[in-house]
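Q: Each residue of the sequence shown is one higher than the one before, starting from 6 at the first, in our numbering.
For each residue, glycine too, the CB sits at the ideal point set by N, CA and C.
These numbers were taken from a predicted model, which means no experiment stands behind them.
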Amino acid sequence: MGTDRAEVKPIYAWRRTLTRQPWPVSKNVLSVSNRRFHRFAQIIFFCVHLRHLWLTLVLSETQNELGRAARKCCNPRVDDEFITLTESAGLLDLSNRSRLCLLGADRARFLHGQVTNDINGLAEHTGCYAALVNAKGKMESDLFAYRLAEEILLDFEPGLADAVQARLESFIIAEDVEVADVTPHFGLLSVQGPKAPEVLAALELPAPETEFALTKTVDEIFVVNRPRLGSMGFDLFVPVDAMEDLKLRLAKHAPLCGEAAFEKARVLATIPRFGKDFTANNLAPEGGIEARAISYAKGCYIGQEIISRIRSRGKVNRILRGLRLDGAAVEGDAIYLGEKQVGTLSSVITEPDAALAIVHRDAAELGTALRVDTKNGNVKAKVATLPFEKFAL
6 MGTDRAEVKP
16 IYAWRRTLTR
26 QPWPVSKNVL
36 SVSNRRFHRF
46 AQIIFFCVHL
56 RHLWLTLVLS
66 ETQNELGRAA
76 RKCCNPRVDD
86 EFITLTESAG
96 LLDLSNRSRL
106 CLLGADRARF
116 LHGQVTNDIN
126 GLAEHTGCYA
136 ALVNAKGKME
146 SDLFAYRLAE
156 EILLDFEPGL
166 ADAVQARLES
176 FIIAEDVEVA
186 DVTPHFGLLS
196 VQGPKAPEVL
206 AALELPAPET
216 EFALTKTVDE
226 IFVVNRPRLG
236 SMGFDLFVPV
246 DAMEDLKLRL
256 AKHAPLCGEA
266 AFEKARVLAT
276 IPRFGKDFTA
286 NNLAPEGGIE
296 ARAISYAKGC
306 YIGQEIISRI
316 RSRGKVNRIL
326 RGLRLDGAAV
336 EGDAIYLGEK
346 QVGTLSSVIT
356 EPDAALAIVH
366 RDAAELGTAL
376 RVDTKNGNVK
386 AKVATLPFEK
396 FAL
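1) For A212, collect the residues of the same chain with a Cβ closer than 6 Å to its Cβ; drop the 5 residues on either side in sequence, then sort them by chain order.
2) What does DSSP give as the partner residues of A136 in its beta bridges?
3) Buried or exposed: T215, going by 16 or more other Cβ atoms within 10 Å of its Cβ?
4) Within 10 angstroms of its Cβ, does D160 collect 16 or more other Cβ (buried), or is it exposed?
5) Does DSSP put S317 in a helix, a strand or coil?
6) What span of residues does the alpha helix (DSSP H) with K117 cover, start to end?
7) Quick check on DSSP: helix, strand or coil for L64?
8) Report buried or exposed for S65, applying the criterion of at least 16 other Cβ atoms within 10 angstroms of its Cβ.
9) From the DSSP output, in three-state form, read off C78 for me.
10) For the beta strand (DSSP E) that contains F161, what are its first and last residues?
11) Measure the CB-CB distance between I340 and V384 and report whether it falls below 7 Å.
12) Using 8 Å as the Cβ pair cut-off and three pairs as the minimum, do the segment 299 to 312 and the segment 320 to 340 touch?
13) Buried or exposed for A270, please, with buried defined as at least 16 other CB atoms from any protein chain shown within 10 angstroms of its CB.
14) How is T131 classed by DSSP in three states: helix, strand or coil?
15) By Cβ distance below 7 Å, which residues in the same chain neighbour K221 in space, the five residues on each side in sequence not counted?
16) What span of residues does the alpha helix (DSSP H) with F267 cover, start to end?
17) Once you ignore the five residues that flank D367 on each side, which residues in its own chain have a CB closer than 7 Å to its CB?
18) Is the segment 278 to 293 touching the segment 137 to 148 in the sense that three or more CB pairs, one from each, lie closer than 8 Å?
19) DSSP puts F242 in a beta bridge; with which residues?
20) By how many angstroms is the C-alpha of P290 removed from the C-alpha of F191?
21) To which residues of the same chain is F176 closer than 7 Å at the C-beta, ignoring the five residues directly before and after it?
22) What do you get for Y134, buried or exposed, if any count of 16 or more other CB atoms within 10 angstroms of its CB means buried?
23) Would you mind stating whether A386 and L330 have Cβ atoms separated by less than 7 Å?
24) Can you tell me whether DSSP reads F283 as helix, strand or coil?
25) Taking its Cβ as the centre, do 16 or more other Cβ atoms sit within 10 Å of Y301, making it buried, or is it exposed?
26) Quick test of the definition: if touching needs 3 or more C-beta pairs under 8 Å, does the segment 164 to 184 touch the segment 100 to 117?
27) So what's K252 in DSSP terms, helix, strand or just coil?
28) What three-state label does DSSP hand L342 in the structure shown?
29) For T121, is the classification buried or exposed, using 16 other Cβ atoms within 10 angstroms of its Cβ as the cut-off for buried?
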């Protein structure tokens, strides 16, 4: 039998053909195979994605814990000084604060018409907290006024002496009043903490028993009962020549503490600071000082009409609050209630993470959950009890 040569292919020819073409496969088989592969790939991708999310959360929490630990480890001195100020007694040098004296026969009547609290009603060697506002009720300064035998002493925030003196002098017309800057002549030391009376007793200094009461020593030192951090405390206005000696003597019984520790104690006591927590853009009641600084029984003063109108309406649009934070933030970070911005952080501390802020009244109720936008993401916040409950360090 003969064989057609065209049908005969050498073995290498078949191999060459197989390398060019795959074996014929049904389209249905390919479709099922592709679907299975695609589903398998989806499962693998989903598992990898879950693992990535889990690692992100774990690393984020680890970084937060490390950050908190680092902040705590980096500030052992501040923590020690904070404990001193709140549980024992610490010494503060507040000589950078401004001090003015009002002299003249009309000094009390004049100041009474300038500030929000009752000056005429002050007995000699007592004082009060007050606000200096403009005709629109906006803040120009807060201050402490002490009525002495022949003068009224004003104590207020650093750097404002010129502005406050100019404001007061602009309203002197025919009154017998002179305003003098005594900052260069008197320093200011402050002993703060529950054991402050014991410190003064150790140096045989008087310790007035009631808040804002003042005593003058034979050395021309004025001692005022002035709790600055929500506990016991005394301010000492000291002639500059005697400052260093008294400072050294006090430091033997009350360790010198820095501004960071003072700020931490101040924030946790919910004590606002003018120029930081409330400013010239705020009405006096917005700063949380209404109960201490404003008398609604006194006579006319600059800005009284606006302040009284706010009271008659029963509310302000914004109010100072303390916030507990669930992470680190900085001053100026925006505060949100839902998608609405309701304020910005003013004073911020760490360990514990907390802040003061003036917020819209919609966000002012205690326990309200808020959000703070920081450069590292969102931080949860909650309007806290005023003053803050005791935090564990």
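A: Looking at the coordinates:
1) Position 207 of the sequence shown, counted from the start, is the residue given in the question as residue 212. Excluding residues within five positions, the ones whose Cβ falls inside 6 Å are P202 and L205.
2) Along the sequence shown, one-based indexing puts residue 136 at 131. According to DSSP, which records beta bridges pairwise, A136 is partnered with D147.
3) Reading the sequence shown from its first residue, position 210 is the one you call residue 215. It counts as exposed.
4) Translated into the one-based positions of the sequence shown, residue 160 becomes position 155. Buried, by the Cβ-count rule.
5) Against the sequence shown, residue 317 aligns to sequence position 312. Looking at S317 - three-state DSSP - the assignment turns out to be helix.
6) Working through the sequence shown from its first residue, we reach residue 117 at position 112. Per the sequence shown, the amino acid found at residue 117 is His instead of Lys. Where H117 is concerned, the enclosing alpha helix (DSSP H) stretches over R112 to H117.
7) In the sequence shown, the residue the question calls residue 64 occupies position 59. In this prediction, L64 has a pLDDT of 49, which is less than 50 and means its spatial position is unreliable; nothing more can be read from the coordinates.
8) Residue numbering aside, residue 65 sits at position 60 when the sequence shown is read from its first letter. Residue placement at S65 is flagged as unreliable, the pLDDT there being 49, under the threshold of 50; a coordinate-derived value is accordingly withheld.
9) Counting from 1 along the sequence shown, the entry for residue 78 is found at position 73. Note that C78 scores 48 on pLDDT, short of 50, meaning its location in the model is unreliable; the coordinates nonetheless yield the value given after this. Here C78 sits in helix by DSSP.
10) The residue labelled residue 161 in the question sits at position 156 within the sequence shown. Looking at the DSSP string, the run of the beta strand (DSSP E) that includes F161 is I157 to F161.
11) Position 335 of the sequence shown, counted from the first residue, corresponds to residue 340. Position 379 of the sequence shown, counted from the first residue, corresponds to residue 384. No; because the gap between Cβ atoms is not below 7 Å, this pair is not in contact.
12) no
13) Numbered from its first residue, the sequence shown carries residue 270 at position 265. Buried: at least 16 other Cβ atoms inside 10 Å.
14) Here residue 131 refers to the residue found at position 126 of the sequence shown. The answer is strand: DSSP assigns T131 an E or B state.
15) In the sequence shown, residue 221 corresponds to position 216, counting from 1. So the list reads F227, once near-sequence residues are dropped.
16) As a first step, residue 267 is located in the sequence shown; it is residue number 262 there, counting from the start. In the DSSP assignment, F267 falls within the unbroken alpha helix (DSSP H) covering E264 to L273.
17) In the sequence shown, residue 367 corresponds to position 362, counting from 1. These residues qualify, in order along the chain: L342 and V347.
18) yes
19) For the purposes of this step, residue 242 is taken as residue 237 along the sequence shown, with counting starting at 1. L193 and F227.
20) Taking the sequence shown and counting its residues from 1, the one referred to as residue 191 is at position 186. Taking the sequence shown and counting its residues from 1, the one referred to as residue 290 is at position 285. For F191 and P290, the distance between alpha carbons rounds to 31 Å.
21) Reading the sequence shown from its first residue, position 171 is the one you call residue 176. Closer than 7 Å at Cβ, skipping near neighbours: Q119.
22) Your numbering for residue 134 matches position 129 in the sequence shown. By the 10 Å Cβ count, Y134 comes out buried.
23) Looking up residue 386 in the sequence shown gives position 381. Looking up residue 330 in the sequence shown gives position 325. The answer is yes: Cβ separation under 7 Å.
24) The sequence position of residue 283 within the sequence shown is 278, counting from 1. In the displayed model, F283 falls within a strand according to three-state DSSP.
25) On the sequence shown, position 296 is the one that residue 301 refers to. By the 10 Å Cβ count, Y301 comes out exposed.
26) Yes, since at least three Cβ pairs between the segment 164 to 184 and the segment 100 to 117 fall closer than 8 Å, the two stretches touch.
27) The count along the sequence shown starts at 1 and reaches residue 252 at position 247. In the structure shown, K252 falls within a helical segment according to DSSP collapsed to helix, strand and coil.
28) By one-based count along the sequence shown, residue 342 stands at place 337. For L342, the three-state secondary structure derived from DSSP is strand.
29) Here residue 121 refers to the residue found at position 116 of the sequence shown. Result: buried.
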